[in-house]
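Structure first, commentary second.
Number of protein chains: 4
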Amino acid sequence: MVTKIIELKKPRLKNPIFIEGLPGVGNVGRIAAGYLAEELKAVKFAELLSSHFMPFVLLHQTSAVHVLKNEFYYWKAKRKGQRDLIILIGDSQSTNQEGHYEIVETILNYIKKFGVKEIFTLAGLSVGEQVKEPKVVGAVSHPELVKKYAKYGIDFDSGGKIGTIVGASGLLIGLGKYHGMKGVCLLGETAGFPIIPDHRSAEALLKVLIKILNIKIDTSKIERKVREMEEFMKKVESVQLKAISQLLKAQREKPKEEKLSYIG
Amino acid sequence: MVTKIIELKKPRLKNPIFIEGLPGVGNVGRIAAGYLAEELKAVKFAELLSSHFMPFVLLHQTSAVHVLKNEFYYWKAKRKGQRDLIILIGDSQSTNQEGHYEIVETILNYIKKFGVKEIFTLAGLSVGEQVKEPKVVGAVSHPELVKKYAKYGIDFDSGGKIGTIVGASGLLIGLGKYHGMKGVCLLGETAGFPIIPDHRSAEALLKVLIKILNIKIDTSKIERKVREMEEFMKKVESVQLKAISQLLKAQREKPKEEKLSYIG
Amino acid sequence: MVTKIIELKKPRLKNPIFIEGLPGVGNVGRIAAGYLAEELKAVKFAELLSSHFMPFVLLHQTSAVHVLKNEFYYWKAKRKGQRDLIILIGDSQSTNQEGHYEIVETILNYIKKFGVKEIFTLAGLSVGEQVKEPKVVGAVSHPELVKKYAKYGIDFDSGGKIGTIVGASGLLIGLGKYHGMKGVCLLGETAGFPIIPDHRSAEALLKVLIKILNIKIDTSKIERKVREMEEFMKKVESVQLKAISQLLKAQREKPKEEKLSYIG
Amino acid sequence: MVTKIIELKKPRLKNPIFIEGLPGVGNVGRIAAGYLAEELKAVKFAELLSSHFMPFVLLHQTSAVHVLKNEFYYWKAKRKGQRDLIILIGDSQSTNQEGHYEIVETILNYIKKFGVKEIFTLAGLSVGEQVKEPKVVGAVSHPELVKKYAKYGIDFDSGGKIGTIVGASGLLIGLGKYHGMKGVCLLGETAGFPIIPDHRSAEALLKVLIKILNIKIDTSKIERKVREMEEFMKKVESVQLKAISQLLKAQREKPKEEKLSYIG
Chain A
2 MVTKIIELKK
12 PRLKNPIFIE
22 GLPGVGNVGR
32 IAAGYLAEEL
42 KAVKFAELLS
52 SHFMPFVLLH
62 QTSAVHVLKN
72 EFYYWKAKRK
82 GQRDLIILIG
92 DSQSTNQEGH
102 YEIVETILNY
112 IKKFGVKEIF
122 TLAGLSVGEQ
132 VKEPKVVGAV
142 SHPELVKKYA
152 KYGIDFDSGG
162 KIGTIVGASG
172 LLIGLGKYHG
182 MKGVCLLGET
192 AGFPIIPDHR
202 SAEALLKVLI
212 KILNIKIDTS
222 KIERKVREME
232 EFMKKVESVQ
242 LKAISQLLKA
252 QREKPKEEKL
262 SYIG
Chain B
2 MVTKIIELKK
12 PRLKNPIFIE
22 GLPGVGNVGR
32 IAAGYLAEEL
42 KAVKFAELLS
52 SHFMPFVLLH
62 QTSAVHVLKN
72 EFYYWKAKRK
82 GQRDLIILIG
92 DSQSTNQEGH
102 YEIVETILNY
112 IKKFGVKEIF
122 TLAGLSVGEQ
132 VKEPKVVGAV
142 SHPELVKKYA
152 KYGIDFDSGG
162 KIGTIVGASG
172 LLIGLGKYHG
182 MKGVCLLGET
192 AGFPIIPDHR
202 SAEALLKVLI
212 KILNIKIDTS
222 KIERKVREME
232 EFMKKVESVQ
242 LKAISQLLKA
252 QREKPKEEKL
262 SYIG
Chain C
2 MVTKIIELKK
12 PRLKNPIFIE
22 GLPGVGNVGR
32 IAAGYLAEEL
42 KAVKFAELLS
52 SHFMPFVLLH
62 QTSAVHVLKN
72 EFYYWKAKRK
82 GQRDLIILIG
92 DSQSTNQEGH
102 YEIVETILNY
112 IKKFGVKEIF
122 TLAGLSVGEQ
132 VKEPKVVGAV
142 SHPELVKKYA
152 KYGIDFDSGG
162 KIGTIVGASG
172 LLIGLGKYHG
182 MKGVCLLGET
192 AGFPIIPDHR
202 SAEALLKVLI
212 KILNIKIDTS
222 KIERKVREME
232 EFMKKVESVQ
242 LKAISQLLKA
252 QREKPKEEKL
262 SYIG
Chain D
2 MVTKIIELKK
12 PRLKNPIFIE
22 GLPGVGNVGR
32 IAAGYLAEEL
42 KAVKFAELLS
52 SHFMPFVLLH
62 QTSAVHVLKN
72 EFYYWKAKRK
82 GQRDLIILIG
92 DSQSTNQEGH
102 YEIVETILNY
112 IKKFGVKEIF
122 TLAGLSVGEQ
132 VKEPKVVGAV
142 SHPELVKKYA
152 KYGIDFDSGG
162 KIGTIVGASG
172 LLIGLGKYHG
182 MKGVCLLGET
192 AGFPIIPDHR
202 SAEALLKVLI
212 KILNIKIDTS
222 KIERKVREME
232 EFMKKVESVQ
242 LKAISQLLKA
252 QREKPKEEKL
262 SYIG
């Protein structure tokens, strides 16, 4: 299977901006993008499945299951000064190195068909301690973007201190360049340890993003929403770990010794 | 090689139901499906080989060998109210994450050719302690299936408590949805530790399944059969572990120090 | 690259028998097949390269290098009652599970072009202690082969005690069946620990094999040859381990702490 | 994605020599090739991206990012007795075994289009202790090259003592042979532990190389350059390790125990 996109609808979008928020440090990007999609009543139009996600299904309260996936939503601009949006959220990122490249290339090839030229990726920046007023740090695909976006309260002076951006948020803007796309990665400061959803950091991200996108949404409900999502997210993480450890245990378990000789 | 299906016969089947029982926790699914195929005198018509299985052959008492494989059997309905069946059993599941996806997709693409629209997967549900009267817990691909199958004594209220279904039993119904198939995963409660074949849980599964399928088989011989199968299954597990540890040991073994310089 | 065969010559062979001897427990198969090829003055006609071998080159005394490879030799029958032979020897087997399947399938597809219908694979059978007079144990692709070859002094009664045959020797006869080939795996008993070339076991194998092949070679020089080969084999193993540990160490080494924040 | 080359320019080169210097022990090859490209004012004409590199982007001081990559530069001969050059430098080698083969084959197939027949790869040779006057040790694809290059002060007598050359420097000359190319690997002696850029060893390499290439560059600035590059290189290594450990930690972290049962 590897990685594939299942298209549910074929929206007609005009010069859309692409926004990514997948699980990561503090789930900051996932929360911000998920909240944005919900508040905008964005419409799901495609799903991405991948053998680079864990090989299990998640059970809902209803006893229905779904495989791990990423989901594409679209939103059409309501008034002048706004732009059509494609928002990507999901259950998981690749669980292995090469899968990150494959999934990101699949996403870029797909959104290119809709004419995407601009990308915003949302992620957490682990600073090792609780932050009361989390800063939003920025990284860009092209140096000239710094000037364009500095006015939105993004800290572009930390490039020297920060080493890398790991996973989809980094690769989407790094590889997007080769697809003719310009990208900004917005990083919300967060403790980063332990892995708990950080609504404050997500809210900081979102405030910057909606200013850029010229849209208005009420960010005050984000804390409550996070608490609702938290339950489900914790479950995913928990079972993911259970699954891994179970798989490992199964292989480690000592069988009763039999009179078997090894042949090689 | 990756994954391929070798077709031995081309059965003509009418609207068949697909049943999967591969090795897993307590080997519950494997026992139930194997017993069903045997009692029905189902006919083998295809084999699935995969490089995601361990790279060894199993030796039989006769000194003949076979590579690890999964096997497709068919059974044709004998009377009204019954349906043709395809039953999948086998030696192994994928030993790596991505292989699970690949093997399940290969299976789904193959059974789709026979017009399969309904899937039952059989698995064990580890509850951490011996259970005298194991319940059969259900998970579904589509919420509406709960109502349809609740009457067969399946517990559909544990969805909230259970997190995931790992491996083929979960993915077949989770990915089957994308192939136009509806699926139910039947999970027999079992201790889950240590990994010993649990005939009681398998029998509980089977009783529910044959009611759904509207067939009659004598489930009383299952304990004896399990004891017969147990010998072989233990061997597979045992050598699988031996093989793994031998491979690891070979790489860990310290060679005599020579005057060799490392170059990089 | 994955796996590919570089053909150096195109020999015309008549109904050839295929013999495999690659590195494994005690290097028994490798020694026996290598000695056979040398004594018969068999001619190299193809090389197999694979990305499933370790990613390094071996240095010879001359400062020339070669990548790890497997080599195909042929020998044409000299008189009636003999058969043309293809002999496979080499530096390495796959270092990962899936590579074993890929390499074996590549070999089978290649030798099929020469009309190979019969396979003999040579391997060591680890019995955990020094054996003065090592037995040759047999495993077969088809039960009827037992009767045909029992007269050559092969022990076909150990099938029940032995669990598996790991790697190329097992898979070649197990998968060969699906290519219309019949195969026998000859396993020479050897201590198996530590991994030292076992010339006695190799000689036992060879004596059985040449009887089957109806050829005469002097097996008395095998001990001396092994001592010559040993030097080189030890080096390969040694550097293989050095390389692995160096790669691991490089990744484990602690860099100086800098003011870097992790971003996810 | 796997591995791909993005061509920025299409230089017309005449019988060019290919020189490789990628990160490795002591970064000796990387430093030497990088310094050579810079001093010659060689022109970048292609980039190689690969999913076998780590899945992250590197942040520059400017807050701009780039994905890990290898870069091809060309230089055109200025006078008689010189040859056109293709120089390969980069951020990373493959982080896994199979990727080494794939990347090296991609490189060989690419440079073959420019008519490359000769290769020089630059690497470090770890000798376990500081060396005041590092020797340059040589390995060759074809034995006859020893005679041709011995006069340049390369030590070709260590072939017996050295076991292997791991990674791109070894595979390029080992596999290059199958593409009709002749290659020499130049190995600068270096402590090898800890991994610090060794400008002395790089300088020794470079002095040999420019004699062979019949070009003149000032090698005295190499120490200063190395100190400038060091800062960036350390960062790459540091974040690479941080990223790995972070990924591992995320998977190891214990979630709060919930009433979840594992299903298999």
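Chains as they are written, first to last, in this note's numbering: chain A, 2 to 265; chain B, 2 to 265; chain C, 2 to 265; chain D, 2 to 265.
Backbone N, C-alpha and C define an ideal beta-carbon position, used for all residues, glycine too.
Computed from a prediction, not measured in an experiment: that's the story for all the values here.
Close partners of A/S64 in chain B (Cβ separation under 8 Å): G139, A140, V141, P144, V147, F157, D158, S159, G160. For B/C186, the closest C-alpha among the options B/H200, B/D156, B/R201 is that of B/D156. Taking B/T63 as reference, the option from C/V147, C/I166, C/Y102, C/E130 with the minimal CA-CA separation is C/V147.
Of D/I163, D/L23, D/E99, the smallest CA-CA separation from D/S127 is found for D/I163. DSSP places B/V141 in the strand class (E or B) of the three-state scheme.
Taking 9 Å as the upper bound on Cβ-Cβ separation, chain D lies near no residue of the stretch 172 to 196 of chain C. Of the residues assessed, C/I112 falls on the buried side of the cut-off, its CB having 16 or more other CB atoms within 10 angstroms.
In this structure, D/I90 sits away from D/F19, with a CB-CB distance that is not shorter than 7 Å. Buried is the label assigned to D/S95, since at least 16 other Cβ atoms lie within 10 Å of its Cβ.
Setting aside the 5 residues that flank it on each side, A/P135 is surrounded in the same chain by G189, E190, T191, R201, S202, A205, each with a C-beta closer than 7 Å to its C-beta; the list follows chain order.
If you compare the alpha carbons of D/G125, D/L86, D/V29, D/G171 with that of D/I213, the shortest gap goes to D/L86. Annotated as proximal: C/L123 and C/A33, with beta-carbon spacing under 7 Å. For the pair C/V141 and C/L210, the Cα-to-Cα distance works out to about 15 Å. About 27 Å separates the beta carbon of A/S52 from that of B/Y74, a gap too long to meet the 8 Å contact definition. Beyond the five residues adjoining it in sequence on each side, A/E224 comes within less than 6 Å, by CB distance, of H200 in the same chain, given in chain order.
DSSP places A/T191 in the uninterrupted beta strand (DSSP E) bounded by 183 to 191.
Take C/K178, set aside five residues on each side of it, and the residues of its chain with a beta-carbon closer than 6 Å to its own are S142, in chain order.
Scanning A/L37, A/V68, A/Q83 for the CA closest to the CA of A/N16 turns up A/Q83. By the 16-neighbour rule on beta-carbons within 10 angstroms, D/Q131 is exposed.
Among the CB atoms of chain D, none fall inside 7 Å of the CB of C/P198.
A direct Cα-Cα distance of roughly 19 Å separates B/G22 from B/Q98. In the three-state DSSP reduction, A/T220 falls in the coil class, being neither helix nor strand.
At least one CB atom of chain D sits nearer than 7 Å to the CB of A/I163.
Taking a 10 Å sphere around the C-beta of D/D92, we find 16 or more other C-beta atoms and assign the residue as buried. Look at B/E99: its C-beta is under 7 Å from a C-beta on chain A.
Every unbroken stretch of the alpha helix (DSSP H) spanning 4 or more residues and falling wholly within the stretch 84 to 149 of chain D is given here in chain order: 98 to 113. Listed by position along chain C, the residues whose Cβ is nearer than 8 Å to that of B/T220 form an empty set, because the closest Cβ is around 30 Å away. Take the alpha-carbon of A/E40 and the one of B/K152: they are about 40 Å apart. Along the stretch 42 to 62 of chain A, the positions whose C-beta sits under 9 Å from a C-beta of chain B are E48, L50, S51, S52, H53, F54, M55, P56, F57, V58, L59, L60, H61, Q62, read in chain order. In this structure, the CA atom of C/F115 is about 17 Å from the CA atom of C/K5. With a contact defined as Cβ atoms closer than 8 Å, D/E229 and D/L176 miss out at about 34 Å. Under DSSP, A/D199 forms no beta bridge with any residue. For D/K70, the secondary structure class from DSSP, reduced to helix, strand or coil, is coil. Within a 10 Å sphere around the beta-carbon of B/I108 sit 16 or more other beta-carbons, which makes this residue buried.
Taking a C-beta distance under 7 Å as the contact criterion, B/G27 and B/G125 qualify as a contact pair. With a beta-carbon spacing of about 17 Å, A/L9 and A/A65 fall beyond the 8 Å limit used to define contacts.
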